[in-house]
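Protein chains in written order, with my numbering: chain A, 8 to 416; chain B, 8 to 416; chain C, 8 to 416. Just below is one structure, and these are the notes that go with it.
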Amino acid sequence: MNNLVENNIWMMICTALVFFMHLGFSLLEIGLTRQKNTINILFKNIFIITVGLLLYCLVGFNLMYPGNFNGFIGFAGFGLDAPLSADNTLDLAYNTGYTYWTDFLFQGMFAATAATIVSGAVAERIKLGPFMIFVVIYISVIYPIAGSWKWGGGFLDDLGFYDFAGSTLVHSVGGWAALVGISLLGARTGKFDKDGNTLVILGHNIPLATAGVLILWLGWFGFNGGSVLSADPELTSLTLVTTCLAASAGGVASFIFSTILYKNYDLTMFLNGILGGLVSITAGADLMSPSEAIMIGGIAGVIIVLGVAFIDRLKLDDPVGAIAVHLICGVWGTLAVGIFGNLAGWSQFSSQLIGVASYAAICISSSFIIFFTLKKTMGIRVSEKEELEGLDLHEHGMNAYSDFRLNEH
Amino acid sequence: MNNLVENNIWMMICTALVFFMHLGFSLLEIGLTRQKNTINILFKNIFIITVGLLLYCLVGFNLMYPGNFNGFIGFAGFGLDAPLSADNTLDLAYNTGYTYWTDFLFQGMFAATAATIVSGAVAERIKLGPFMIFVVIYISVIYPIAGSWKWGGGFLDDLGFYDFAGSTLVHSVGGWAALVGISLLGARTGKFDKDGNTLVILGHNIPLATAGVLILWLGWFGFNGGSVLSADPELTSLTLVTTCLAASAGGVASFIFSTILYKNYDLTMFLNGILGGLVSITAGADLMSPSEAIMIGGIAGVIIVLGVAFIDRLKLDDPVGAIAVHLICGVWGTLAVGIFGNLAGWSQFSSQLIGVASYAAICISSSFIIFFTLKKTMGIRVSEKEELEGLDLHEHGMNAYSDFRLNEH
Amino acid sequence: MNNLVENNIWMMICTALVFFMHLGFSLLEIGLTRQKNTINILFKNIFIITVGLLLYCLVGFNLMYPGNFNGFIGFAGFGLDAPLSADNTLDLAYNTGYTYWTDFLFQGMFAATAATIVSGAVAERIKLGPFMIFVVIYISVIYPIAGSWKWGGGFLDDLGFYDFAGSTLVHSVGGWAALVGISLLGARTGKFDKDGNTLVILGHNIPLATAGVLILWLGWFGFNGGSVLSADPELTSLTLVTTCLAASAGGVASFIFSTILYKNYDLTMFLNGILGGLVSITAGADLMSPSEAIMIGGIAGVIIVLGVAFIDRLKLDDPVGAIAVHLICGVWGTLAVGIFGNLAGWSQFSSQLIGVASYAAICISSSFIIFFTLKKTMGIRVSEKEELEGLDLHEHGMNAYSDFRLNEH
């Protein structure tokens, strides 16, 4: 119980910061999409954080951390079950660090994040009902089982796979489902014309999108800083440094590379570069030196620019760039653990590859089954009329901004 | 002075989070009201936090914590008076926890909150001058005297009344004044038609309202987490878990119940359900198990839907739902301490009832005297012309958004 | 290594809060300017925080803290160089407080702030390219060298100059460059008419500006609280109290004084008064009693109202009031250390004067050389057509709000 009080304070603060990322995601997603679907996107995000926490309390936590298990799937029972000492009070020696309650809440905030990533990619044309069903299944069953493979002490942990804070366990888990989702959904009307050209559908509120990215960056102080799972001064502070430098390098690399390619100072690309840097450092934030963090983040920034163009080329429609940011940079960051830092080497690199492939397998297959079943039964896409007029009006009966007046100056 | 450094760190962080709730309240209130009154609402909120802190420094802190007193009213003198050790430095043993300065600032952030609750309810038709006078009196005199009855060690503390973080001492204190305020003010023009039907006056910026709710939830980590008054690992972390689960359950219950009643996915109701859950767990956040927190929050979510409809039925006009959220759920949460958790029982329940009734008595009577006097002297309601054209133009001579341009797509 | 864990936790939290100030600055600056230049301002702020951190890592940190040096300029080498113990792990005894990594990151967040101050003042007419060049030079060379004079242990430290958290070292360093910048740039078209009258150019989003100020205030918990450079309970908590009281007093004084002068409840002045209070307490936040903090902040509030009018009178165009807030109140707060608090006295006052003059000398001369050279080579001002149509369209090819629709009610 060394430093229990300090560890617990740090982990609670990090929990609060990860919670705050849900505001970051909400603002980013609405900012990069059209006004007519704003209420719908906010509703989805609020649904995810609230339902996500309840489900993680009911089943997720005990699916993800089942104790001793076969390495593939285990379940320690429904609900929370705080370990007690002999005198019937909370057993504070539980994990020699912070308390059971802090453990649950920190992990619960992570669980909801994976689903949020999907939300952005499928925005502006998915039906709310089927999306909510997907979220319930994905958060309560798929995310925790997949997570147990590494963080729960499962077979990938035995194989030496490393993922510090979730480039793969969180970001690619969301990213693979996003990829499957948009493949089955199809593009928004007007995204690609008859000749196959990509058209730009502009985001309606870039200030809120920018605020979202800065809030996400702030949240990453907790996402990565808390993944040390203690207040260890050296590891927590090194992690914050690598996190911030990778974010900076990702943003700057995206900015420079996109300016060269497109002769335009593209703020959106700058912002996505920051996020790509953050996602990519997440797998090994505790292993890297500052200069390695800058390299990993900088490469992520270039990947973002190419990735966004590549997704477009595939005729996939990802309104917020979620797949380039969370999936492609998540994979990159995971592999980078085998290339840079304390663990670098072929053996580690192959462990990382196995990890990436394992998560691809469970996430693609499960999200395909869920989305495909929903498509064949309820349908997953709104009508063309609803898409044209906006989901806010049809699903929610209200506008995001009810009475903006024109003031000519 | 055990864990002084740790306790002090935790309390300072919680203070910062409670401070940040003022941004949450500001955004929620402007988001749910009309554009033409935005500057006015922001002005009121900025007034409350700044003037509130100065008044709490001048008189409030020493009215609320007078030391030994008769249990009803006491005053330890004007200004702050830091306790000194023999060697003339700050006496750090002051309350065996955090420092005197932290104590003042944490409590000061709470004081301003009560007035903010009133701000939302009376929005869009109250005169700024009288409102500022009300705030000055209510924050500097009524809130601290009422608070002294329990947290200052007064007669309700002796009677066994329990209110962990202020379902009654903060939220209902604001809520009762809001109820009196809107009763004396009357409804906004256009809220009820001649036949007594309720009309919908839409909020002008739902993204900012949503951001406000998520910021308030974040702030509640400090509001409840800090009310442990130490960094005790078990109590602080349990409190965060019950707080977050009650918020989630409140939101989900409101969402489900309102969808059944109104066949509409109502984001505003979802958001108010979250706030209702938060307010209701506040009285006993340290006493409840996770499942009890979910029940308390879930019931609050249902109460919110019924409460909002009930306020409308009474022909009371509460633009942001402050009375359902802060008053009704505040009372519910306070009574729930006698129904659920470690203290449950008839004896505790009756103590809770006495507490609720005592606060109703002081708050209703004092806010009636203040508002009624103001109404009969200065008047508290703006002219019909001003209400129609907006308070921003008349009281502040500016618009919230000066040059939004129309971009047709 | 007494309290290393606690100190490090506190300093990391403060680092996160100072980082978050960049969102505050971004929202404040776009809120107080016109819609057509929003993307441009956001781009500049994102550029500053990302490039700023990378440059501070590459050269700034080692220019600012060169170890033993001549007191004017020193350089400890490129990149970060974490001190190692005999066993090749991080030397945690490094500065008897928090870790080397935390030290770098906390200071890095400060470095970027100085440039951000300039960004607001030169908004709406500066060319992006030259501005980026200015930022690179100012952050990587001028700010750290100037900072080394006091915080790096240079000649001003030897002379007894005191600047707790940077009224001079951060705020006036940004403020002087802002003053030079707008002098060389000239006013925005339409700010002053042919008869020399000042016209009002309204900010386009006051809710975001208000959010920016509250976020900045929150960030100041870290800016001043972290400048204690430990988690010392007495000093950190006193600092938060003086910071919050000065902010409150500044706001209230500005509000009252501007209401008397202009017969109008001016929200923008209220907000700038808060910022003025915060900047002015920053030099001596650890030295003042609560009542002294209120006096310093209150005087700053009056100074803000006069300062904004004075800048206008000089026919200087500072769209966000950066010079009144950061330069004038920065100087006032620095001098106030010689007038109020533990160090007050003529000797200290003259040290403060010497410090202010030294920073004026290096900042005015260096920023003049940079801006003047840029003006004579690349030009620093956009074309009249670009200024009229907006920098967003010309430099970035996009709008901040792409499809706001008119909803008549």
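The beta-carbon is built from N, C-alpha and C at its ideal position, and this holds for glycine as well.
field: chain C residues whose Cβ lies nearer than 9 Å to that of Val66(B)
entry: Per Cβ cutoff of 9 Å: no residues; Val66(B) is ~13 Å from chain C at best.
query: Near Tyr145(B), which residues of its chain fall below 8 Å by C-beta distance, leaving aside the five closest residues on each side in sequence?
result: Ala121, Ala122, Val125, Ala184, Ser373, Ser374, Ile377
task: Output, in sequence order along the chain, the residues in the stretch 120-132 of chain A whose CB is closer than 8 Å to any CB in chain B.
output: none
field: Contiguous alpha helix (DSSP H) assignments of at least 4 residues, all confined to the stretch 320-360 of chain C
entry: 336-343
message: Bridge partners for Arg388(C) per DSSP, in chain order?
response: Ile133(C)
message: Report the start-end ranges of each alpha helix (DSSP H) in the stretch 137-215 of chain B that is 4 residues or longer and not cut off at the edges.
response: 150-155, 162-165, 180-192
message: Is Pro90(A) a contact residue of the ligand ATP, with contact defined as CB to any heavy atom under 8 Å?
response: This structure simply doesn't include the ligand ATP, nor any ligand for that matter.
query: Is DSSP giving Leu242(C) helix, strand or coil here?
result: helix
field: Interfacial residues, the stretch 42-59 of chain C to chain A, with Cβ spacing under 9 Å
entry: Thr45, Ile46, Asn47, Leu49, Phe50, Asn52, Ile53, Phe54, Ile56, Thr57, Val58, Gly59
- prompt: Grouping DSSP H, G and I as helix and E and B as strand, with all else coil, what is Leu282(C)?
  reply: helix
field: Residue span of the alpha helix (DSSP H) that contains Tyr107(A), given as start and end
entry: 107-128
message: For a contact defined as C-beta to C-beta under 7 Å, what are the partners of Ala256(A) on chain C?
response: Leu61
message: Here's the rule I'm using: 16 or more other beta-carbon atoms within 10 Å means buried, otherwise exposed. How should Met385(C) be labelled?
response: exposed
field: Nearest candidate by alpha-carbon position, reference Gly193(C), set Ile46(C), Leu323(C), Val315(C)
entry: Leu323(C)
message: With a threshold of 8 Å on Cβ separation, who are the neighbours of Lys198(B) within its own chain once the five nearest residues in sequence on each side are excluded?
response: Thr205, Leu206, Ile208, Asp324
message: Taking the alpha helix (DSSP H) that Gly31(B) belongs to, which residues open and close that run?
response: 11-38
- prompt: Can you find a C-beta in chain C that's less than 9 Å from the C-beta of Ile144(B)?
  reply: no
- prompt: Between the Cα of Ser357(A) and the Cα atoms of Ile46(A), Ala343(A), Thr275(A), Ile369(A), which residue gives the shortest distance?
  reply: Ala343(A)
message: So the candidates are Leu215(A), Phe113(A), Phe379(A); which of them puts its Cα closest to the Cα of Leu30(A)?
response: Leu215(A)
- prompt: With distances taken between CB atoms, is the gap from Glu13(C) to Ala130(C) smaller than 9 Å?
  reply: no
query: Who pairs with Leu97(C) in a beta bridge, going by DSSP?
result: Leu91(C)
Interface residues of the stretch 164-198 of chain B facing chain A [CB-CB below 9 Å]: none
query: So which of Thr57(C), Thr341(C), Glu402(C), Met18(C) has the shortest CA-CA distance to Ala256(A)?
result: Thr57(C)
Member of Val312(B), Thr22(B), Phe228(B) whose CA lies at the smallest distance from the CA of Leu60(B): Thr22(B)
Backbone CA spacing between His403(B) and Ser155(C) [nearest angstrom]: 45 Å
task: Output yes if chain C places a C-beta closer than 9 Å to the C-beta of Glu13(A); else output no.
output: yes
Burial state of Ser92(C) (16 or more Cβ within 10 Å): exposed
- request: Give every residue of the same chain whose Cβ lies closer than 6 Å to the Cβ of Leu97(B), excluding the five residues on either side of it in the sequence, and list them in chain order.
  value: Ala89
Rounded separation between Pro240(C) and Thr45(A) - CA only: 45 Å
task: Using beta-carbon positions only, say whether Ser287(B) and Gly314(B) come within less than 9 Å of one another.
output: no
task: Taking Phe65(B) as part of the alpha helix (DSSP H), name the residues at either end of that continuous run.
output: One point to set straight first is that residue 65(B) is Leu, not Phe, in the sequence displayed. Neither: Leu65(B) is in no alpha helix (DSSP H) and is coded neither H nor E.
message: Quick check: what's the CA-CA separation for Val389(C) versus Asp399(C)?
response: 12 Å
query: Under 7 Å Cβ-Cβ, which residues of chain C neighbour Gly404(B)?
result: Asn271
task: Using alpha carbons as the reference points, say which of Met302(A), Gly345(A), Val220(A), Leu186(A) lies closest to Ala368(A).
output: Leu186(A)
message: Short of 7 Å in beta carbon distance, which residues of its chain neighbour Ile189(A), apart from the five on each side in sequence? Order them along the chain.
response: Ala128, Val129, Leu323, Asp324, Asp325
task: Going by CA-CA distance only, name the one from Asn52(C), Ala238(C), Thr246(C) that's closest to Met116(C).
output: Asn52(C)
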